[in-house]
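Data block below; observations after.
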């Protein structure tokens, strides 16, 4: 009898201990698949936000840079050339550098007039650049006022007047030789007939 009572007491103690352990360690609830994938979704959302934040924005034009480019373009046309003219005692060429807004035959002629190398009524009918016998060549045609101007001088004055025109245009257009005509015909003066091609006068 005592033995049976002892067994019942031990069994009761065992059950009581098992219940206390069950209360201390509640069963772990199973985690659903959606909850398991949720951290990855959160990470993806964070990555998308980072990508949006890091997306390069369209670069706005730099107004100062555009203005500088415009200024550079406006000054690209300016050209410095050497103008030849006769010195005061008609013994040599005098030279001076001038800056033109753009290199045109009329601009060069105007600069020659300012330096006293041609008269105001001299006009250019046409100017062409070509290659003759492998040489870079200028073909320039003046009005009759040019022939009248150079013919009115002595031989020395004529030499420097024609030479000033030839040297100035040859330097300005980087050519090797030049041919001068008047209204399409050969330039003739009382001293010389200019029928051929001329290099620089010395």
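Residue numbers (mature numbering (1 follows the signal peptide of the UniProt record, and there is no 0)): -20 to -1, 1 to 182. The beta-carbon is built from N, C-alpha and C at its ideal position, and this holds for glycine as well.
One or two residues paired with residue i in a DSSP bridge
i	result
residue 73	66
residue 110	117
residue 60	79
residue 122	104, 162
residue 181	Answer is none; residue 181 lacks a bridge partner.
Supposed contact pair residue j and residue i - C-beta distance, whole angstroms, cut 8 Å
i	j	result
residue 147	residue 121	That pair is no contact at about 18 Å.
residue 180	residue 150	6 Å
residue 126	residue 88	Residue 126 to residue 88, Cβ: 14 Å. No contact.
residue 57	residue 90	Not really, about 16 Å apart at Cβ, beyond 8 Å.
residue 167	residue 174	4 Å
residue 59	residue 83	5 Å
residue 85	residue 119	Incorrect: roughly 11 Å between the Cβ atoms, too far for contact.
Local Cβ density within 10 Å of residue i, reported as buried at 16 or more and exposed below that
i	result
residue 164	exposed
residue 124	exposed
residue 46	At residue 46, the pLDDT of 37 sits below 50, so the modelled position is not reliable; the number obtained from the coordinates is stated separately. Flag for residue 46 reads exposed.
residue 100	exposed
residue 144	buried
residue 136	exposed
residue 7	Caution applies to residue 7, whose pLDDT of 49 falls short of 50 and renders its modelled position unreliable; the value that the coordinates give is listed next. Exposed, by the Cβ-count rule.
residue 132	exposed
query = Does the pairing of the stretch 108 to 119 with the stretch 152 to 168 give three or more beta-carbon distances under 8 Å?
reply = yes
message = Tell me whether the stretch 84 to 95 and the stretch 59 to 67 touch, counting them as touching only if at least three CB pairs, one residue from each stretch, are closer than 8 Å.
response = yes
request  = May I have a chain-ordered list of the alpha helix (DSSP H) segments no shorter than 4 residues that lie completely inside the stretch 125 to 160?
outcome  = 135 to 152
ask   = Should the stretch 65 to 83 be regarded as contacting the stretch 133 to 146, the criterion being three or more beta carbon pairs within less than 8 Å?
value = yes
inquiry  = Quick check for students: name the residue ranges of the alpha helix (DSSP H) that lie wholly in the stretch 72 to 105, counting only runs of 4 or more.
reply    = 85 to 94
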